[in-house]
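Student: Take a look at the following structure, please.
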Amino acid sequence: MHVIRYLQEHHPDLPDVEYLDGGTLSFTLAGPIEDVDGLIVVDAAELGAEAGAIRCFQNQAMDTFVGSNRKRSVHEVSLLDLLAVAYLTERLPARRALIGIQPHTVDWSDQPTAKIAEAIPQAGQQVLDILQEWRQ
Numbered sequence: 050m051h052v053i054r055y056l057q058e059h060h061p062d063l064p065d066v067e068y069l070d071g072g073t074l075s076f077t078l079a080g081p082i083e084d085v086d087g088l089i090v091v092d093a094a095e096l097g098a099e100a101g102a103i104r105c106f107q108n109q110a111m112d113t114f115v116g117s118n119r120k121r122s123v124h125e126v127s128l129l130d131l132l133a134v135a136y137l138t139e140r141l142p143a144r145r146a147l148i149g150i151q152p153h154t155v156d157w158s159d160q161p162t163a164k165i166a167e168a169i170p171q172a173g174q175q176v177l178d179i180l181q182e183w184r185q
């Protein structure tokens, strides 16, 4: 949600971009996911790295990461479910990306730790880079 807020504040008028804060919702997002050609998800992810580390997974790499046997956060489980529904209905977005940010801990706080706060602009820039790549 922090990267979404950052992008909304700094890039509110990106053409053909809809910002959705998915939180821990699950199947309520199935419709919006199935209705797009490109999907970029930014979320906490267990990367086995230092807090604030960022990794990007696109298309099959995203599917593999989300479906892997890694320890999942509540967010990743919901994303796996949503992608499975989209796949089963043959409406999986052709372009998919997950920008994962390694959390210090996964908890219910709505305030990022200092390391996560430092990573927010970089994650936002990765979203912009992917959008630019997809538009070429």
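Everything in the sequence shown is counted per the working numbering, starting at 50 for the first residue and increasing by one. Glycine included, every Cβ here is placed at the ideal spot set by N, Cα and C. A quick note: this is a predicted structure, and the numbers were derived from the prediction, not measured.
Check each candidate in Leu129, Pro61, Met50 and name the one with the smallest Cα separation from Arg145.
Tutor: Sequence index remark: in the sequence shown, residue 145 carries index 96 (1-based). It is Leu129.
Student: Rounding to the nearest angstrom, what Cα-Cα distance links Val134 and Gln174 in this structure?
Tutor: Along the sequence shown, one-based indexing puts residue 134 at 85. Along the sequence shown, one-based indexing puts residue 174 at 125. Between Val134 and Gln174, the C-alpha separation is close to 29 angstroms.
Student: Distance check for Asp92 and Gln160, CA to CA, integer angstroms please.
Tutor: On the sequence shown, position 111 is the one that residue 160 refers to. On the sequence shown, position 43 is the one that residue 92 refers to. Cα-Cα distance, rounded: 14 angstroms.
Student: Quick one: grab the DSSP three-state call for Gln160.
Tutor: Looking up residue 160 in the sequence shown gives position 111. Coil.
Student: Go to Phe106, then tell me how far its alpha helix (DSSP H) extends in each direction, as first and last residue.
Tutor: In the sequence shown, counting from the first residue as 1, residue 106 sits at position 57. Taken as a continuous stretch (DSSP letters only), Phe106 belongs to no alpha helix (DSSP H), being part of the beta strand (DSSP E) at 103-107.
Student: From the DSSP output, in three-state form, read off Ala146 for me.
Tutor: Stepping through the sequence shown from its first residue, residue 146 is reached at position 97. Strand.
Student: Answer yes if the segment 168-184 comes into contact with the segment 51-69, meaning at least three C-beta pairs across the two stretches below 8 angstroms, and no otherwise.
Tutor: Verdict: yes, contact present.
Student: How would you label Ser127, buried or exposed, when you count the other beta carbons within 10 angstroms and need 16 or more for buried?
Tutor: For the purposes of this step, residue 127 is taken as residue 78 along the sequence shown, with counting starting at 1. Ser127 comes out buried.
Student: State buried or exposed for Gln185, treating a residue as buried only when at least 16 other CB atoms are found within 10 Å of its CB.
Tutor: Mapped onto the sequence shown, residue 185 falls at position 136. Exposed is the call here.
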